[in-house]
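Chains as they are written, first to last, in my numbering: chain B, 11 to 296; chain X, 13 to 328; chain Z, -12 to 479.
Backbone N, C-alpha and C fix where the C-beta goes; we use that ideal spot for every residue, glycine too.
Nothing here was measured: the structure is a model prediction, and the numbers come from that model.
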């Protein structure tokens, strides 16, 4: 008799730990052919609340790190993704129905995307900040600062490259993130959470919820301790409108839904969406 | 010039002196402390440092659950930190609450180990001055050789430096003994609550001007307790104070110093900041409890060449 | 009434730090080294070699090849051949090579630190805690730029320049290498680098790191030699860019040599920085800043705070504190972890320092050094401060490049600025005051490329560094440092 493999339990990733959903709910994850892959934890609104709490707790420390240090930590994540290349490839094959070769290219692109964003950590201020020539004896400098806790709904189809492309730009500048994964294709995100847990990213900086955005996103959009909302992966236009409207309660910074070509080099917009510009004035005089 | 506390009993003078203090740059101070912490102390130097550190420990128990039994056990440890090695130095003092001073003194007998007592409504200091004075007088009468008082951080932060100053002067007076000597007064600044290094420098000078024999970082009940940068800053203060007024004042970091490695960093900082005059338990102390056993284990390691373990040092 | 038992008064115990030498065993020195050309180590064309010594002991560390004109030709050709592939490679791929190098530098950091201290004489505390971490950081930072060149400020799709000839000094051997190679490679250039004659070893170890990183052959070429080799390299017709760090005199010669060519040139040259201490300075930190400003790396620092300008009303206090602090400096074995000041890099440099300091005596300045015992072999100079110095003294005008501080006084901010600017140099300056507006006002008026306020000798790859006036032109570090290796893309 051949050896029976040991299967993995798929859980949420909150505050550096892997809890099951507090609700006890799971849902069946199927591959593109409709075959059973796993039971994923189905995050509830309370899991969302816990994730926001963890993200807020992590924000102070993460945003206070030197940009160089954040860059190193994120680059380390890319090293770890590369190290699990085969696992991610097989995740993407089952999630997206690609050939192994195609999926492998997706993983390559995800690693390179992560590296691209990691490099921005200590360069963003040079590109988006500036000295301002005010008409008076004042030093005047504008520099970018992270917004705070950002909730992102990851793309539903591009389960890995799309996920990486919305997550990395949020955290590179010092924000902390709560990510709602693709509902139907959550497994690459769970693997990513395992990468994050064993990298040097502090617990709580990234929190990953396998969930139906329709269940949890309204609670997160209305949460008063959330500062930004990325709706990229919300495919239902009326839900997206409702979420954007709800986000207005505390004037969250909102990124609207979109389906960009994830393979193309991004612009700075996903980073600048969750940056505040701070301008400091100081007199100049002996 | 030598100045006795009463010479400076004028709050206007105090403010003038404090106003003349130069600022402290946080980044520079912390960088200097970090650089001092990279000194590598090995072999004979380490042996010397460990014995010196042991002799500087104020072995402390300050819990609501303290009992005479606990204090007697602490005193025994103070007298013979390492029962397996008679060459091991004694600690400087035991540090207890006022009601246990008598027990501690009795347990120590006439051994040259001090009894330090916290007083003045330790650790918060939230009591009227009369109560603080009685607290102090009680401890002195019970045989305390040293009083560790807390300053009124609330008054300090509210800008009432005069009140802080006058309280220290009053407590210093309460340290007087009938024979004309006085219990040494350690003034706890509770640097974790003062929040800025500028405040720590100002409070250090205020305490010294008011007659402190020692300035001490912390109660151990507030985080952060002692840190290397704060201690460095206080060592600069006692050095400059002696240069200005000719009177030497000691320094006691307390709380959070748990390892030999930490203790050696502090000694290096004393050595290179205040200088060799402070390298004695007469002028530098560690307020600690678990530190002692780590020092003893490292001492055993140097002696035997093997790493020791917690079963080979005594608990108190 | 209890008996009072006070603890006895205990005399102080001195703490003499025992020797704490860093182990040399981490370094595997070869008896001789070739040139690194086209991805491989090769012997020189005519077999000429020179010795590199440990300046702390005068022990010969290794024999190093002296590159001839023919060798430089080979290196430039190799760089030219590699340029096509390297410059066309997608930036994200170049980035990954540079990240690899950054990581290997960090992995082998202790080995590099020990080797740097052996060859240069700088204390291990500095090579370990400053030089080598910055080297790795420099590559890491510019790795991140390689796939972001469109954001360098030169418009979309900027282009690299071609082959860069880079000549670096002996004071921060590997750090200067990283300042040169990292931005050049990120931008898509290939390089031929000549390390200083007295400190070639870490550059040669770096070549080995390029091999470990599988860097394509010819992208980095290292040719060792003295001034002649450097001259051959920078005047080689096959190079498109010259980057030089070193003395103002040599910089001037290079500027002449490239006249009439299309070569781009950046120069980072000498300095005579003023470190200005106002009466309201955070005094203990200012003293630290003065000490690190002039004694860091034995004062072999082009941006060293070699002219201390002190406001007259705190002059005595500053001098007393400075001398007390100088007395705690530990001079000696560079590999001892407790050494603050190591060896002077070469006999020539020691002679130059000695000559200039003696001129200070002759011109009537007052010399002071703390008592300190110097080793009997090797090249050493005690930390020294001259008081009573004026702008007319040679030691206030000429770069000493050693642990010698000249102290002047001033009365007003205007006078401080005037004295600070009264030099042909303009690399760096320091300002110490608790008053923010004064920092900014003084900084505005200082003719220097870097102004440190309430700190000194701070370096970061994100921060541009370079001089005004005869301290050179061009900037290294930051986006400006990247742009120095790029040209605007062709318009469609």
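Exercise. Alpha carbon to alpha carbon, how far is residue 429 of chain Z from residue 299 of chain Z?
Worked result: Translated into positions along the third chain, residue 429 of chain Z becomes position 442. Translated into positions along the third chain, residue 299 of chain Z becomes position 312. Spanning the two alpha carbons is a distance of roughly 17 Å.
Exercise. Taking all protein chains shown into account, do 16 or more other C-beta atoms lie within 10 angstroms of the C-beta of residue 144 of chain X, making it buried, or fewer, making it exposed?
Worked result: By 1-based counting over the second chain, the position of residue 144 of chain X is 132. A residue is called buried when at least 16 other Cβ atoms come within 10 angstroms of its Cβ; residue 144 of chain X meets this threshold and is buried.
Exercise. Taking Cβ-Cβ distances shorter than 9 Å, what residues in chain C pair up with residue 292 of chain X?
Worked result: Looking for chain C here will not work: the only protein chains present are B, X and Z.
For this session: Could you round the C-beta distance between residue 505 of chain Z and residue 186 of chain Z to whole angstroms and report it? I think they count as a contact, below 8 Å.
Result: The requested residue 505 of chain Z is not part of the displayed model; chain Z covers only -12 to 479.
Exercise. Can you tell me whether DSSP reads residue 168 of chain X as helix, strand or coil?
Worked result: Sequence index remark: in the second chain, residue 168 of chain X carries index 156 (1-based). Helix.
Exercise. Chain B beta carbons: is any one of them nearer than 7 Å to that of residue 434 of chain Z?
Worked result: Your numbering for residue 434 of chain Z matches position 447 in the third chain. At a cut-off of 7 Å between beta-carbon atoms, residue 434 of chain Z makes no contact with chain B.
For this session: List the residues of chain B that residue 428 of chain Z touches, going by C-beta distances under 9 Å, in chain order.
Result: Mapped onto the third chain, residue 428 of chain Z falls at position 441. Simply 147, 293, 294, 295, 296.
Exercise. Taking the runs of the beta strand (DSSP E) that are 3 residues or longer, which of them lie wholly in the stretch 240 to 322 of chain Z?
Worked result: 251 to 255, 261 to 264, 294 to 298
Exercise. Starting from residue 70 of chain X and walking both ways along the beta strand (DSSP E), at which residues does that stretch end?
Worked result: By one-based count along the second chain, residue 70 of chain X stands at place 58. Here the beta strand (DSSP E) through residue 70 of chain X covers 69 to 72.
Exercise. Taking all protein chains shown into account, do 16 or more other C-beta atoms lie within 10 angstroms of the C-beta of residue 12 of chain X, making it buried, or fewer, making it exposed?
Worked result: This structure does not reach residue 12 of chain X, given that chain X is present from 13 up to 328, and the question cannot be answered.
Problem set entry | Contact under 7 Å by Cβ, residue 72 of chain B with residue 186 of chain B | Position 62 of the first chain holds residue 72 of chain B. Position 176 of the first chain holds residue 186 of chain B. In this structure, the beta-carbon distance from residue 72 of chain B to residue 186 of chain B falls below 7 Å.
Exercise. CA-CA distance, residue 443 of chain Z and residue 285 of chain Z?
Worked result: Along the third chain, read from residue 1 onward, the residue named residue 443 of chain Z stands at position 456. Along the third chain, read from residue 1 onward, the residue named residue 285 of chain Z stands at position 298. In a straight line, the C-alpha of residue 443 of chain Z is about 15 Å away from that of residue 285 of chain Z.
Exercise. With a CB to CB cut of under 6 Å and the five nearest residues on each side skipped, what residues in its chain are close to residue 266 of chain Z?
Worked result: Counted from its first residue, the third chain places residue 266 of chain Z at position 279. Taking C-beta separations shorter than 6 Å and ignoring five residues to either side along the sequence, the partners of residue 266 of chain Z in its chain run 298, 300, 301, following chain order.
Exercise. Going along the chain, which unbroken runs of the alpha helix (DSSP H) with 4 or more residues stay wholly within the stretch 133 to 182 of chain Z?
Worked result: 160 to 174
Exercise. Can you name, in chain order, every residue of its own chain whose Cβ lies under 6 Å from the Cβ of residue 254 of chain B, other than the five neighbours on each side?
Worked result: Locating residue 254 of chain B in the first chain gives position 244, where the first residue counts as 1. So the qualifying residues of the chain are 264.
Exercise. What is the rounded straight-line gap between the Cα of residue 15 of chain X and the Cα of residue 315 of chain X?
Worked result: The residue labelled residue 15 of chain X in the question sits at position 3 within the second chain. The residue labelled residue 315 of chain X in the question sits at position 303 within the second chain. Only weak support exists for where residue 15 of chain X lies, its pLDDT of 43 falling under 50; the coordinates are left without a value.
Exercise. Among the residues of its own chain, which have a CB less than 8 Å from the CB of residue 529 of chain Z, if the five just before and after it don't count?
Worked result: Given a span of -12 to 479 for chain Z in the structure shown, any question on residue 529 of chain Z remains unanswerable.
Exercise. Cβ of residue 111 of chain B less than 7 Å from any chain Z Cβ?
Worked result: Taking the first chain and counting its residues from 1, the one referred to as residue 111 of chain B is at position 101. No, no contact with chain Z.
Problem set entry | Through-space distance from residue 30 of chain B to residue 344 of chain X, alpha-carbon basis | Nothing in the structure corresponds to residue 344 of chain X, since chain X is present only between 13 and 328.
Exercise. Tell me, which residues are paired with residue 126 of chain B by DSSP?
Worked result: Counting from one through the first chain, the residue named residue 126 of chain B turns up at place 116. DSSP, once it has assigned bridges, lists no residue as partnering residue 126 of chain B.
Problem set entry | Terminal residues of the alpha helix (DSSP H) in which residue 328 of chain X lies | Reading the second chain from its first residue, position 316 is the one you call residue 328 of chain X. Looking at the DSSP string, residue 328 of chain X is not in any alpha helix (DSSP H), and its letter there is neither H nor E.
Problem set entry | Cutoff 7 Å; reference residue -11 of chain Z; Cβ partners in own chain excluding five residues on either side | Indexing the third chain from 1 puts residue -11 of chain Z at position 2. For residue -11 of chain Z, the predicted structure reports a pLDDT of 45, less than 50, and the residue's modelled location is therefore unreliable. A value from the coordinates is still provided. So the list is empty, once near-sequence residues are dropped.
Exercise. Hey, how far is the Cα of residue 24 of chain B from the Cα of residue 238 of chain X?
Worked result: What you label residue 24 of chain B is simply residue 14 of the first chain in a count that begins at 1. What you label residue 238 of chain X is simply residue 226 of the second chain in a count that begins at 1. Roughly 34 Å separates the two Cα atoms.
Problem set entry | CB contact below 7 Å: residue 270 of chain Z versus chain X | Indexing the third chain from 1 puts residue 270 of chain Z at position 283. Yes, because at least one Cβ of chain X sits closer than 7 Å to the Cβ of residue 270 of chain Z.
Problem set entry | Expected contact under 8 Å - CB spacing of residue 85 of chain X and residue 328 of chain X to nearest Å | Residue mapping note: residue 85 of chain X aligns to position 73 of the second chain, counting from 1. Residue mapping note: residue 328 of chain X aligns to position 316 of the second chain, counting from 1. The Cβ separation is near 5 Å, so the contact holds.
For this session: Starting from the beta carbon of residue 160 of chain X, find every residue of chain Z whose beta carbon is closer than 9 Å, and list them in chain order.
Result: Translated into the one-based positions of the second chain, residue 160 of chain X becomes position 148. Within chain Z, no residue comes near residue 160 of chain X; the closest Cβ sits about 14 Å away, beyond 9 Å.
For this session: Starting from the beta carbon of residue 135 of chain Z, find every residue of chain B whose beta carbon is closer than 9 Å, and list them in chain order.
Result: Position 148 of the third chain, counting from 1, holds the residue named residue 135 of chain Z. Going along chain B in sequence order, the residues near residue 135 of chain Z (Cβ under 9 Å) are 126, 129, 130, 133, 137.
Exercise. Considering only the beta carbon of each residue, do residue 416 of chain Z and residue 268 of chain Z sit closer than 7 Å?
Worked result: Here residue 416 of chain Z refers to the residue found at position 429 when the third chain is read from its first residue. Here residue 268 of chain Z refers to the residue found at position 281 when the third chain is read from its first residue. Their beta carbons are not under 7 Å apart, which means residue 416 of chain Z does not touch residue 268 of chain Z by this criterion.
Exercise. Which whole-angstrom value describes the C-beta separation of residue 107 of chain X and residue 71 of chain X, a residue pair presumed to lie in contact below a C-beta threshold of 8 Å?
Worked result: Locating residue 107 of chain X in the second chain gives position 95, where the first residue counts as 1. Locating residue 71 of chain X in the second chain gives position 59, where the first residue counts as 1. That belief holds up - the Cβ atoms of residue 107 of chain X and residue 71 of chain X are roughly 7 Å apart, short of 8 Å.
Exercise. Out of curiosity, what's the CA-to-CA distance linking residue 467 of chain Z and residue 369 of chain Z?
Worked result: Against the third chain, residue 467 of chain Z aligns to sequence position 480. Against the third chain, residue 369 of chain Z aligns to sequence position 382. The straight-line gap from Cα to Cα measures roughly 38 Å.
For this session: Kindly say whether residue 315 of chain X, judged by its beta-carbon, lies nearer than 7 Å to any beta-carbon of chain Z.
Result: Within the second chain, numbered from 1, the residue matching residue 315 of chain X stands at position 303. No, residue 315 of chain X does not count as interfacial toward chain Z.
For this session: At 7 Å on the CB atoms, spell out the chain Z contacts of residue 96 of chain B, in chain order.
Result: As a position in the first chain, residue 96 of chain B is number 86, starting the count at 1. The contacting residues do not exist; residue 96 of chain B stays about 19 Å from chain Z at best.
Exercise. Expressed to the nearest angstrom, what Euclidean distance is found between the alpha-carbon atoms of residue 126 of chain Z and residue 88 of chain Z?
Worked result: To locate residue 126 of chain Z, count along the third chain from 1; it is residue 139. To locate residue 88 of chain Z, count along the third chain from 1; it is residue 101. Roughly 7 Å between the two C-alpha positions.
Exercise. Is residue 28 of chain Z near residue 149 of chain Z, with beta carbons less than 7 Å apart?
Worked result: Walking along the third chain from the start, residue 28 of chain Z turns up at place 41. Walking along the third chain from the start, residue 149 of chain Z turns up at place 162. Their beta carbons are not under 7 Å apart, which means residue 28 of chain Z does not touch residue 149 of chain Z by this criterion.
Problem set entry | Under 8 Å by beta carbon: chain B residues contacting residue 127 of chain Z | Translated into positions along the third chain, residue 127 of chain Z becomes position 140. Ordered by position in chain B, the residues that pass the 8 Å Cβ test against residue 127 of chain Z are 78, 81, 82, 85.
For this session: Identify the continuous alpha helix (DSSP H) that holds residue 150 of chain X and give its terminal residues.
Result: Within the second chain, residue 150 of chain X is the residue found at index 138, counting from 1. Element bounds for residue 150 of chain X: 141 to 153.
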